[in-house]
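Report on the following structure.
Number of protein chains: 2
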Amino acid sequence: MSEPSDAAADAAEPSLEEQIAAYQREFQDLDPQVEQVVSALQRLNRRMNVAYGRQTATLGLSNAEWEVLKALVVSGAPYQLGPGELAKRLGLTPAAMTHRIDRMANEGLVTRERDEANRVRVIVELTDEGREKWLEAMRLASVFEEDLLQDLNGGERHLLGQVLTRLLRRVEDAQPDADGRLSDLD
Amino acid sequence: MSEPSDAAADAAEPSLEEQIAAYQREFQDLDPQVEQVVSALQRLNRRMNVAYGRQTATLGLSNAEWEVLKALVVSGAPYQLGPGELAKRLGLTPAAMTHRIDRMANEGLVTRERDEANRVRVIVELTDEGREKWLEAMRLASVFEEDLLQDLNGGERHLLGQVLTRLLRRVEDAQPDADGRLSDLD
DNA sequence: CCTGAAGACTTCAACTCTAAAGTTCGAAGC
DNA sequence: GCTTCGAACTTTAGAGTTGAAGTCTTCAGG
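Written out as structure tokens, the structure is:
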């Protein structure tokens, strides 16, 4: 019996269009144009994250580790941040950060040492190996991103960047970091 | 000493612009326009997820539960899917899905029963309460989304939706669901 | 029938995160 | 100088996830 005559045998997974149609069917007040933007945005972002995950995996790097590397690189030379600051930027609890640093220090991606000037603080510093890993991952990512936007001409890219930045500003203004560690990096 | 003369005392967290500038400084091959799009997209998406999380929390709903509700609603009446299918759509392992369904069944959001026509299968079905929860969450979400896009005129909204959809299609074509459970819903 | 293979879900152990203590250090007051 | 408070990090217990192994059902042969 290859035909799914029975109940929810093998409902095909919905495309973006089908999903939006379903939402409209179930919730009449929905503006389809708004939903198109929001749903496409979210789906796109997830697929991109999956792609990033695969790439970093080929370098023996987890997505979690990559985020720490990014935060340290963005902080600029000498690539040092404390666990608390890292936690805040990544949107994690300090406890989670402690463990993540443990692992990464074991792998040689970062070092952890007390700040001798203020011994309450700890300094997490990128190692040369960590920096090199970040660079490799970045090379892969930039190729992927360039390829992703390939079909957009300069004007479209610019406009897209501007509009997204406007939306971002709107969200950030609306949620003035309300509950503490919300911010993160990308 | 309020002045951060010492090491990495209190590096301010980077704005989007600062972040992109840092990437360029550390990785010359980067196209700033591409990075603007990608970084804004990712940051925006995270902030939105935080906002959704807060909203659903006010309804006593976790983000995880909300995603299950969405998948069931999108599947349409009679709002039934199997654990395996749900896991595939949400990008989870079947094991995780089993536990999630346990919790949600305990809370009365879904029911779980064997498919009598094919007793290997299990049918997860949305309860009336679950459907009502979804509706409440949807009402909150749609207000938020409408507000988010408020500053965009009709043309901009349309264009944004179209461009994002094009990008999505590109990613989906490039990664033909390569490793199994990649797809998810939004 | 009875057996073997495949499919769908569940169970188990290990891992990662959160929330809530706990620890250590530094700074201010007595 | 001793005490107390606050800040920064770590530890602990519990929730939720993954990957691998296990169970139950169906279906195709022998």
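Heads up: the sequence lines are chains C and V, in that order. So the first sequence is numbered by the numbering used here: it starts at 1308 and just counts up by one. So the second sequence is numbered by the numbering used here: it starts at 1308 and just counts up by one. Note that beta-carbon positions come from the ideal geometry of N, C-alpha and C, so glycine has one too. Predicted model only: the values in this text are computed from it and were never measured.
Beta-carbon spacing of residue i, residue j below 7 Å
i: C:E1420; j: C:I1430; result: yes
i: C:P1321; j: V:V1381; result: yes
i: C:A1347; j: V:L1471; result: yes
i: V:L1337; j: C:S1449; result: yes
i: V:L1447; j: C:V1341; result: no
i: V:T1434; j: V:G1415; result: yes
i: V:E1443; j: V:L1366; result: yes
i: V:K1334; j: C:M1445; result: This sequence places Phe at residue 1334 of chain V; Lys is not what is there. Contact flag set, yes.
Exposed unless 16 or more other CB atoms sit within 10 angstroms - verdict on residue i
i: C:A1424; result: exposed
i: C:Q1349; result: buried
i: V:R1426; result: exposed
i: V:L1323; result: buried
i: V:T1363; result: buried
i: C:A1319; result: exposed
i: C:Q1343; result: buried
i: V:Q1387; result: buried
i: C:L1358; result: Looking at the sequence shown, residue 1358 of chain C is not Leu but Ala. So C:A1358 ends up on the buried side.
i: C:G1487; result: Note that C:G1487 scores 39 on pLDDT, short of 50, meaning its location in the model is unreliable; the coordinates nonetheless yield the value given after this. Looking at its Cβ environment, which holds fewer than 16 other Cβ atoms inside 10 Å, C:G1487 is exposed.
i: V:P1311; result: The predicted model places V:P1311 with a pLDDT of 38, which falls under 50 and marks its position as unreliable; any figure quoted below should be read in that light. Exposed.
Proximal chain C residues relative to residue i, where beta-carbon distance stays under 7 Å
i: V:A1347; result: G1468, L1471, T1472 and L1475
i: V:E1479; result: R1354
i: V:M1445; result: F1334
i: V:L1337; result: S1449
Whole-angstrom C-beta distance between residue j and residue i, which should lie under 8 Å
i: C:P1339; j: C:Q1331; result: 6 Å
i: V:R1407; j: V:A1371; result: 6 Å
i: C:A1378; j: C:R1396; result: 5 Å
i: V:G1494; j: V:V1417; result: Residue 1494 of chain V lies beyond the residue range present for chain V, which begins at 1308 and ends at 1493; the question has no answer from this structure.
i: C:V1375; j: C:L1393; result: 6 Å
i: C:P1401; j: C:P1385; result: About 22 Å separates the two Cβ atoms, so there is no contact after all.
i: C:L1474; j: C:L1467; result: Incorrect: roughly 11 Å between the Cβ atoms, too far for contact.
Contacts of residue i in chain V (Cβ-Cβ under 7 Å)
i: C:E1333; result: V1380
i: C:P1390; result: Per Cβ cutoff of 7 Å: no residues; C:P1390 is ~11 Å from chain V at best.
i: C:R1396; result: E1320
i: C:V1344; result: L1456, R1464, L1467, G1468 and L1471
Chain V residues whose Cβ lies nearer than 8 Å to that of residue i
i: C:V1341; result: S1449, E1452, E1453, L1456 and R1464
i: C:L1323; result: T1472 and L1475
i: C:A1329; result: V1380, V1381, S1382 and G1383
Boundaries (first-last residue) of the alpha helix (DSSP H) holding residue i
i: V:T1434; result: That residue, V:T1434, is in no alpha helix (DSSP H); it is neither H nor E in DSSP.
i: V:N1460; result: First-last for V:N1460: undefined, no H or E at that position.
i: V:N1425; result: No alpha helix (DSSP H) contains V:N1425, which DSSP labels as neither H nor E.
i: V:L1379; result: N1370 to V1381
i: C:S1280; result: Residue 1280 of chain C is absent from the model: chain C starts at 1308 and stops at 1493.
i: V:E1325; result: L1323 to E1333
i: C:A1394; result: P1390 to L1397
i: V:T1400; result: Element bounds for V:T1400: n/a, residue is neither H nor E.
Residue span of the beta strand (DSSP E) that contains residue i, given as start and end
i: V:V1417; result: V1417 to R1421
Within chain V, partners of residue i - CB distance below 9 Å
i: C:L1442; result: E1333 and F1334
i: C:L1459; result: V1344, V1470, R1473 and L1474
heavy atom of the ligand ADP below 6 Å from residue i C-beta
i: V:G1461; result: By its list of ligands, the structure shown contains no ligand whatsoever, and the ligand ADP lies outside what it can speak to.
Within chain C, the residues that residue i reaches when beta carbons sit closer than 9 Å
i: V:A1412; result: Residues of chain C passing the Cβ test: none, with the nearest at roughly 17 Å.
Proximal residues of chain C, C-beta to C-beta of residue i below 8 Å
i: V:R1421; result: Going along chain C, no residue has its Cβ under 8 Å from V:R1421, so there is no contact; the nearest lies around 12 Å.
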